[in-house]
Amino acid sequence: MPNPKALVAMAIAFALSGCAPSTLEPVRGSIIYNGQPRTKLTKSPIGSTFDHKFIGPGGDQYVETYRIAPDRSLELLSRYKVEIVDSR
């Protein structure tokens, strides 16, 4: 009979293997598309977040959320496409 602790450890490892963080790559229009900005946000608290709205390469509107890292660089956290509903 298999060791119950080993089975539990294997089940947890298997479940967590699908939880690997994915890296969100900047696209044209992103603040960090050509690398980090030359100026640092020195007055904003570390860990604070802000949104950036822009028109993407295909003409769609996007919103990205950034976080200020401890070294004052910007981390891209999320991006979503703004769906425009025609209400005519």
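Take 18 as the starting number for the sequence shown in the working numbering and just add one per residue.
All residues carry an ideal CB built from backbone N, CA and C; glycine is no exception.
Own chain residues within Cβ distance below 6 Å of residue i, not counting five before or after
i: Glu92; result: Arg84, Ala86
i: Arg89; result: Lys57
C-beta atoms of residue i and residue j nearer than 7 Å
i: Tyr79; j: Phe71; result: yes
Those residues which DSSP pairs with residue i across a bridge
i: Val80; result: Lys70, Tyr97
i: Leu91; result: Ile85
Cβ neighbours of residue i in the same chain (closer than 8 Å, five flanking residues each side left out)
i: Arg45; result: Gly73, Pro74
i: Pro54; result: Ile48, Leu91
i: Ile101; result: Gln78
Sequence-distant residues of the same chain with beta carbon closer than 7 Å to residue i, five excluded per side
i: Ser61; result: Ile85
Nearest-angstrom Cβ-Cβ length linking residue i and residue j, presumed shorter than 8 Å
i: Ser65; j: Glu81; result: That pair is no contact at about 15 Å.
Coarse secondary structure for residue i, derived from DSSP in three states
i: Ala37; result: Low confidence applies to Ala37: its pLDDT is 46, below 50, so where it sits in the model is not reliable, and the reading given next is rough at best. DSSP places Ala37 in coil when its eight states are reduced to three.
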